[in-house]
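Trainee: Dumping the structure here so I can ask a few things about it.
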Amino acid sequence: GRSILLGKAFVRTYASAPSPHALVYLEHRGGQLDSGSLSALTAATQLGGPVTGLVVGSQEEVPKVVEKAKLLKGLTTLLHSSSPSYAQLLPEIISPLFRKLLTSSPYTHVVSAHSSSAKSLLPRVAAQLDVPALSDVTSVEHDGSTNTTTFTRPIYAGNAVATVRAPSSLSLKFFTVRATAFDAAPEDSSASVEMKAVDPVDTSSPTEHVSTSLTKSSRPELSTAPRVVSGGRALKNAETFEKTIYPLADLLGAAVGASRAAVDAGYCDNSLQVGQTGKVVAPELYMAIGISGAIQHLAGMKDSKLIVAVNKASAAYISAMVMPLKLGPLQDGDAPIFQVADVGLVADLYETVPQIIEKMSQ
Ligand code: FAD
């Protein structure tokens, strides 16, 4: 009799498995929602349950952002919380608000973009609640019958994909989303989102915001631009980088990127670095000019739709790509960028780039 009872209880637990309910952290800047958060919202809707958005900030910013967020397709409810102390969105200062919202809550998943600030916030809150957090997720699938969620995420600088399953026993699943892997949630003029103000949780923190210095640029934003022109070590110095890469980028209406070698050598600003320790981009067009294509660089751009490489690496190396075992290890000047390039130009960039510019300006 006992085993039958247990069996029944087991079946009942399955039948009443809670439907997934995601809480999405909607980040913003200058009154605009971040595009990465729109991708996080799309990922959240793929769980198949209701989705609650959360906007946090100062009293000046929050109303502006809420006006935009309430039009987003896929949101069921929109929570917003404002306080002067939320003006800088320091993880130390807003994490108590998350903890309060997530304690005895309906939420099963907490989702955000894989942004610098969310990378600091989500693992912090997850650790405080004693649950794990998963980062840089590229796909998500929830199985309602077993109440498990399966994620994929790149590992080893994008050379392998890990499939990770969160068991049903894990009541709260935190994950950050790789923006390039999910479309941005669109607006929907017929959206009817329930709005709720949430009291801020006042907190004293040993962390204090001192100042923010933003790199201002009239060029397209690297992470979201549909076209990117990147320069590498071969650009020699800041002056040639600017004279060579910027005119081509301007003609194409493209954002400018760089390899770490170019950034480390001071050819351009840090914020332009593409790769494992820089930005991850997946534009329609990615031009790699004088970049060898080290795996750490490929990790940040190999999902681009059309990759064009200009590199003077020897043509012998290209055949080595086809028969690498026969021809032995790579030599200096070799360019693994040709492994991922759709269009590869074995040429001196100082001849080729001016030619491309001239042709395009005709
Ligand atoms: P090089 O490898 O020196 O390549 C220069 C290329 O220019 C060569 O292929 C050469 O054939 C070509 N060339 C030279 N002259 C010309 C010419 N006149 N015309 C045409 N082609 C020419 N790197 C990143 O980019 N992003 C990262 O996020 C990143 N993270 C890293 C993290 C870690 C932990 C580590 C260890 C490394 C990381 N790196 C990263 C560095 C990476 O390993 C490479 O060192 C770097 O990407 C090389 O940059 P590069 O291709 O510009 O330079």
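Each residue of the sequence shown is one higher than the one before, starting from 13 at the first, in full-length UniProt numbering. Where is the CB? At the ideal position from N, CA and C, for every residue including glycine.
(1) Taking C-alpha atoms, which residue in 240, 101, 45 lies nearest to residue 79?
(2) Leaving aside the five residues before and after residue 308 along the sequence, list all residues of the same chain whose C-beta is less than 8 Å from its C-beta, in chain order.
(3) Which ranges does the alpha helix (DSSP H) cover as unbroken runs of at least 4 residues, wholly within the stretch 37-107, from first to last along the chain?
(4) Leaving out the 5 sequence neighbours to the left and right, which residues in its chain are closer than 6 Å to residue 110 when beta-carbon positions are compared?
(5) If you draw a straight line from the alpha carbon of residue 318 to that of residue 268, how long is it in whole angstroms?
(6) Looking at the ligand FAD, does it come within less than 6 Å of residue 324, judged from the CB to the closest heavy atom?
(7) Which stretch, first to last residue, makes up the alpha helix (DSSP H) that contains residue 362?
(8) Apart from the five residues just before and just after residue 143, which ones in its own chain have a Cβ nearer than 8 Å to its Cβ?
(9) On the DSSP bridge list, what partners appear for residue 308?
(10) Look at residue 106 and residue 68 and say whether their C-beta atoms are less than 7 Å apart.
(11) Since residue 35 and residue 119 should fall inside the 8 Å C-beta cutoff, what is the C-beta to C-beta distance between them, to a whole number of angstroms?
(12) Count the other CB atoms, across all protein chains shown, that sit within 10 Å of the CB of residue 208; report buried if there are 16 or more and exposed otherwise.
(13) Mind checking whether residue 108 and residue 215 have CB atoms under 7 Å apart?
(14) Does at least one heavy atom of the ligand FAD sit under 6 Å from the Cβ of residue 442?
(15) In whole angstroms, what is the alpha-carbon distance linking residue 358 and residue 303?
(16) Mark residue 218 as exposed unless 16 or more other C-beta atoms lie within 10 angstroms of its C-beta, in which case mark it buried.
(17) I'd like to confirm the pairing. Which residues does DSSP put opposite residue 199 in its beta bridges?
(18) What did DSSP end up calling residue 282 once you bin it into helix, strand or coil?
(19) Provide the residue(s) that pair with residue 143 in DSSP beta bridges, ordered along the chain.
(20) Any contact between the stretch 194-211 and the stretch 79-92? By contact I mean 3 or more CB pairs, one from each, below 8 Å.
(21) Could you tell me the alpha carbon to alpha carbon distance between residue 7 and residue 102, rounded to whole angstroms?
(22) What are the boundary residues of the alpha helix (DSSP H) that includes residue 167?
(23) Could you check which residue in 262, 211, 210, 294 has the C-alpha nearest to that of residue 231?
(24) Does residue 201 pass the burial test, meaning 16 or more other C-beta atoms within 10 Å, or should it be called exposed?
(25) Rounded to whole angstroms, what is the Cα-Cα separation between residue 254 and residue 297?
(26) Under the rule that 16 or more other beta-carbon atoms within 10 Å means buried, what is residue 167, buried or exposed?
(27) Within this structure, are the beta carbons of residue 126 and residue 210 separated by less than 7 Å?
(28) Pick out the complete beta strand (DSSP E) segments inside the UniProt region "Disordered" (205-237), 3 residues or longer, and give them in chain order.
(29) Looking at residue 239: is its Cβ nearer than 7 Å to the Cβ of residue 260?
(30) Which residue comes first and which comes last in the beta strand (DSSP E) that contains residue 153?
(31) Could you check the C-alpha separation between residue 312 and residue 300 for me, to the nearest Å?
(32) Specify the secondary structure class of residue 110 as computed by DSSP and reduced to three states.
(33) For the ligand FAD, is there any heavy atom lying closer than 6 Å to the beta carbon of residue 375?
(34) Just to check my reading of the structure: residue 64 and residue 33 have Cβ atoms closer than 8 Å, yes? What is that Cβ distance to the nearest angstrom?
(35) Apart from the five residues just before and just after residue 283, which ones in its own chain have a Cβ nearer than 6 Å to its Cβ?
(36) Select from 353, 237, 104, 374 the residue whose C-alpha is nearest the C-alpha of residue 213.
Mentor: Looking at the coordinates:
(1) With distances taken between CA atoms, residue 79 lies nearest to 45 out of 240, 101, 45.
(2) Spatial neighbours of residue 308 in its own chain (CB-CB distance under 8 Å, excluding positions within 5 residues in sequence) are listed in chain order as 169, 272, 287, 288, 289.
(3) Along the length of the stretch 37-107, whole alpha helix (DSSP H) runs at least 4 residues long occupy 47-57, 73-81, reported in chain order.
(4) Taken in chain order, the residues that qualify are 137.
(5) Straight across, the Cα-Cα distance linking residue 318 with residue 268 is about 16 Å.
(6) In this structure, the ligand FAD has a non-hydrogen atom nearer than 6 Å to the beta-carbon of residue 324.
(7) Run containing residue 362: 361-373, per the alpha helix (DSSP H) assignment.
(8) Closer than 8 Å at the Cβ level, and outside the excluded window around residue 143, lie 182, 183, 184, 185, 186.
(9) Answer is none; residue 308 lacks a bridge partner.
(10) Yes, the Cβ-Cβ distance between residue 106 and residue 68 is below 7 Å.
(11) For residue 35 against residue 119, the beta-carbon gap comes to about 4 Å, under 8 Å, which counts as contact.
(12) Residue 208 comes out exposed.
(13) Contact check for residue 108 against residue 215 passes: the beta carbons are separated by less than 7 Å.
(14) The question about residue 442 has no answer, for the chain in this structure spans 13 to 374.
(15) Residue 358 and residue 303 have their C-alpha atoms roughly 12 Å apart.
(16) Residue 218 is exposed by the Cβ-count criterion.
(17) The bridge partners DSSP lists for residue 199 are 84.
(18) In this structure, residue 282 counts as helix in the three-state DSSP scheme.
(19) Bridge partners of residue 143: none, in fact.
(20) As far as the Cβ criterion goes, the stretch 194-211 touches the stretch 79-92, which means the pair count is three or higher.
(21) Absent from the model: residue 7. The displayed extent of the chain is 13 to 374, so no value can be given.
(22) Where residue 167 is concerned, there is no enclosing alpha helix (DSSP H), although the beta strand (DSSP E) it sits in stretches over 160-167.
(23) Of the candidates 262, 211, 210, 294, the one whose C-alpha sits nearest the C-alpha of residue 231 is 262.
(24) Around the Cβ of residue 201, a 10 Å sphere holds fewer than 16 other Cβ atoms; the residue is exposed.
(25) Each residue's Cα considered, the two are about 20 Å apart.
(26) Classification of residue 167: exposed, given that the 10 Å Cβ count is below 16.
(27) No; because the gap between Cβ atoms is not below 7 Å, this pair is not in contact.
(28) Correct list: 206-209.
(29) Against a cut-off of 7 Å, the Cβ pair of residue 260 and residue 239 comes out as no contact.
(30) Element bounds for residue 153: 151-155.
(31) One C-alpha to the other measures close to 12 Å.
(32) Helix.
(33) Given a span of 13 to 374 for the chain in the structure shown, any question on residue 375 remains unanswerable.
(34) About 7 Å separates the two Cβ atoms, so the contact holds.
(35) For residue 283, where only same-chain residues beyond five positions count, the Cβ hits under 6 Å are 227.
(36) Of 353, 237, 104, 374, the residue nearest in Cα terms is 104.
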